[in-house]
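So the protein sequences, as listed, match chains G and U.
Using my numbering, you'd call the opening residue of the first sequence number 1387 and step up by one each time.
Using my numbering, you'd call the opening residue of the second sequence number 1387 and step up by one each time.
Taking it in order: structure first as structure tokens, then the write-up.
2 protein chains.
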Amino acid sequence: MFAEIITVGDELLTGNTVDSNSAFIAKRLTERGYWVRRITTVGDDVKEIKAVIREALGRKPEVLVISGGLGPTHDDVTMLAVAEALERRLVLCEGCLERIKEFYRLLHEKGLIDDPELNEARKKMAYLPEGAEPLKNSEGAAPGAYIVHDGVKIFVLPGMPREMKAMLENEVLPRLGEKKFVQLKFLAEITDESKLAPLLREAIKRFKVRIHSSPKGFGRYIGVIIFAESEGEAEKATKFLNENGVSLQRWKL
Amino acid sequence: MFAEIITVGDELLTGNTVDSNSAFIAKRLTERGYWVRRITTVGDDVKEIKAVIREALGRKPEVLVISGGLGPTHDDVTMLAVAEALERRLVLCEGCLERIKEFYRLLHEKGLIDDPELNEARKKMAYLPEGAEPLKNSEGAAPGAYIVHDGVKIFVLPGMPREMKAMLENEVLPRLGEKKFVQLKFLAEITDESKLAPLLREAIKRFKVRIHSSPKGFGRYIGVIIFAESEGEAEKATKFLNENGVSLQRWKL
């Protein structure tokens, strides 16, 4: 089960914003048992977004999560790019339009905006690719979209972290089933990193686990993360490593 | 002048680490006048890394920066993947080997490691693609590499932020010339976001600037970043926007 993530936004490509969204999405997908194989970031440009979506679909992931570029401003063009990539029309989602109207009515009531009316920029957000299921945005105006296309589950989410996170938790994860992955994080105390590799490879062979290791500075410690489908399997691998002289200490997740 | 960035590491794909390296690299490249068109993240897998390098080279960027996977552990395979992608052999860099030896000698002297000798894992770091210029790592063991291939300037850097940053500043940027880009960041106070877009488009037409805007929450403010080749051109655009009713306030960079 592999997944891909695409994040969209000029601010990510200029380095003005660190892309923490993709890490958040990746973590949640990994916990559900998906292996995120690639993360791609592009700017607010229809052609570029369309190109990376087509490339990702060509690799046939089970899940493709796209985040960013759903707002009302002129450079929010992701939904248009999704529609073009899938060769679908953008069609008005009447229910979305009602929710957007209500959203701006409330902002106006709170005195945050002068005009509660739906101008073209705001109305634009109610257009989704034909056949898409709208995803509710509990924290903002722009709805997301869920589209199954050629067997790929495509989720289109906003880029504002608060909105993206709420939509991921409430609208995306429930559509991906219940399967959970266990992640155990350790610090391994070693004095020769070349002795660790063969033991990790042996553990991967013996148990149903994936293991990732990475040096933490240049001291005696290496970070080790064990991924498994069950707590039991992860613990068997941990026990095996401990018994073979790798001293593992639990580490904050 | 466009650039691409590739970051490598399983920890980025599992969401255990937020990829702040690519934002740092992107920011520095943008300041030098490069337009970063795409950032791609893949895991510690020779095939995957090789594939994304080939895809990036196919788009003919002027600069390609690759970061991560240069260390001594079994999953550090980036240099091998670079060599395979470019169809070059990995060859021993004698000078690099000497510096690595010295690096571990010093660690041993400080009591941080038990064994100062060069085992296979440590020696591996001294192999670079044939024809590569080694890049000095002032903060760690693994050297980077600079390779000009089919007109693309390829820089291969470590993934540890401290090492990557030092190598970028001291070894990469001096090889990219002196050109500087100006970035001015503002908050624009507006009450109707649809009125801002035509003014931004007009400013882009009139002056030698690129402008990026993004909403900050749902209040009266929109973040506006003006990119220009000179301070003067950026200020002309700012003046134009101010005179046309967009109230811009400088904002921390």
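The beta carbon of each residue, even a glycine, is placed where N, CA and C say it ideally should be.
Whole-Å CB distance - residue i paired with residue j, under 8 Å assumed
i               : j               : result
T1416 (chain G) : T1427 (chain U) : Not really, about 14 Å apart at Cβ, beyond 8 Å.
I1435 (chain U) : V1463 (chain U) : 7 Å
P1515 (chain U) : V1468 (chain U) : 6 Å
I1533 (chain G) : A1518 (chain G) : 5 Å
A1589 (chain G) : A1552 (chain G) : About 38 Å separates the two Cβ atoms, so there is no contact after all.
C-beta atoms of residue i and residue j nearer than 9 Å
i               : j               : result
S1640 (chain U) : L1582 (chain U) : Residue 1640 (chain U) lies beyond the residue range present for chain U, which begins at 1387 and ends at 1639; the question has no answer from this structure.
A1531 (chain G) : V1542 (chain G) : yes
L1554 (chain G) : I1411 (chain G) : yes
G1455 (chain G) : G1545 (chain G) : yes
Y1607 (chain U) : L1586 (chain U) : no
E1650 (chain U) : E1441 (chain G) : Given that chain U is displayed from residue 1387 to residue 1639, the structure contains no residue 1650 (chain U) and the question cannot be resolved.
Where residue i meets chain U, residues with beta-carbon distance less than 8 Å
i               : result
R1423 (chain G) : L1399, V1428, G1429 and E1434
K1413 (chain G) : T1400, G1401 and N1402
A1583 (chain G) : T1459, H1460 and A1507
Residue i: contacting residues in chain G (beta-carbon distance under 9 Å)
i               : result
V1610 (chain U) : In chain order: nothing, as chain G lies at least about 10 Å away.
T1624 (chain U) : Under the 9 Å cutoff, chain G gives no residues; its nearest Cβ is about 17 Å from T1624 (chain U).
Euclidean distance between Cα positions of residue i and residue j
i               : j               : result
F1593 (chain G) : I1611 (chain G) : 14 Å
E1617 (chain G) : G1609 (chain U) : 46 Å
R1636 (chain U) : G1419 (chain U) : 22 Å
V1422 (chain G) : F1567 (chain U) : 35 Å
S1406 (chain U) : L1443 (chain U) : 23 Å
V1404 (chain G) : S1453 (chain U) : 16 Å
I1425 (chain U) : L1450 (chain U) : 10 Å
M1465 (chain U) : G1457 (chain G) : 40 Å
N1523 (chain G) : A1512 (chain U) : 51 Å
C1482 (chain G) : L1521 (chain G) : 9 Å
L1639 (chain G) : L1398 (chain U) : Unreliable positioning characterises L1639 (chain G) in this predicted model, as indicated by a pLDDT of 47, which lies under 50. A coordinate reading is not provided.
S1633 (chain G) : H1460 (chain G) : 55 Å
L1476 (chain G) : G1429 (chain G) : 21 Å
S1408 (chain G) : E1575 (chain U) : 30 Å
E1390 (chain G) : A1471 (chain U) : 22 Å
P1547 (chain U) : C1479 (chain G) : 45 Å
E1484 (chain U) : K1591 (chain G) : 36 Å
K1625 (chain U) : N1505 (chain G) : 27 Å
K1446 (chain U) : R1596 (chain U) : 22 Å
L1570 (chain U) : R1474 (chain U) : 43 Å
E1564 (chain U) : F1613 (chain U) : 17 Å
V1558 (chain G) : N1402 (chain U) : 20 Å
P1502 (chain G) : H1494 (chain G) : 5 Å
I1540 (chain G) : P1560 (chain U) : 42 Å
H1535 (chain U) : L1627 (chain U) : 43 Å
K1433 (chain U) : F1489 (chain G) : 47 Å
P1584 (chain U) : E1621 (chain G) : 60 Å
L1393 (chain G) : G1497 (chain U) : A small correction: the amino acid at residue 1393 (chain G) is Thr; Leu does not occupy that position in the sequence shown. Cα to Cα, the separation comes out at about 44 Å.
P1529 (chain G) : A1507 (chain G) : 14 Å
D1396 (chain U) : M1387 (chain G) : 16 Å
E1619 (chain U) : E1629 (chain U) : 16 Å
R1414 (chain U) : N1556 (chain U) : 12 Å
K1510 (chain U) : E1448 (chain U) : 29 Å
R1491 (chain G) : G1631 (chain U) : 25 Å
D1431 (chain U) : E1615 (chain G) : 22 Å
Neighbouring residues, chain G, relative to residue i (Cβ below 7 Å)
i               : result
K1396 (chain U) : Rather than Lys, the amino acid found at residue 1396 (chain U) in this sequence is Asp. Within 7 Å Cβ-Cβ: H1598.
S1524 (chain U) : Within chain G, no residue comes near S1524 (chain U); the closest Cβ sits about 14 Å away, beyond 7 Å.
Residues that residue i contacts on chain G, provided the C-beta gap is smaller than 8 Å
i               : result
L1586 (chain U) : H1460
Under 9 Å from the C-beta of residue i: neighbouring residues of chain U
i               : result
A1469 (chain G) : Within 9 Å Cβ-Cβ: nothing; A1469 (chain G) doesn't reach chain U, min ~20 Å.
F1410 (chain G) : G1401 and V1404
T1416 (chain G) : L1399, T1400, G1401 and N1402
Residue i Cβ short of 8 Å to the ligand HEM heavy atom set
i               : result
L1443 (chain G) : Looking at this structure, you won't find the ligand HEM or any other ligand, since it has none at all.
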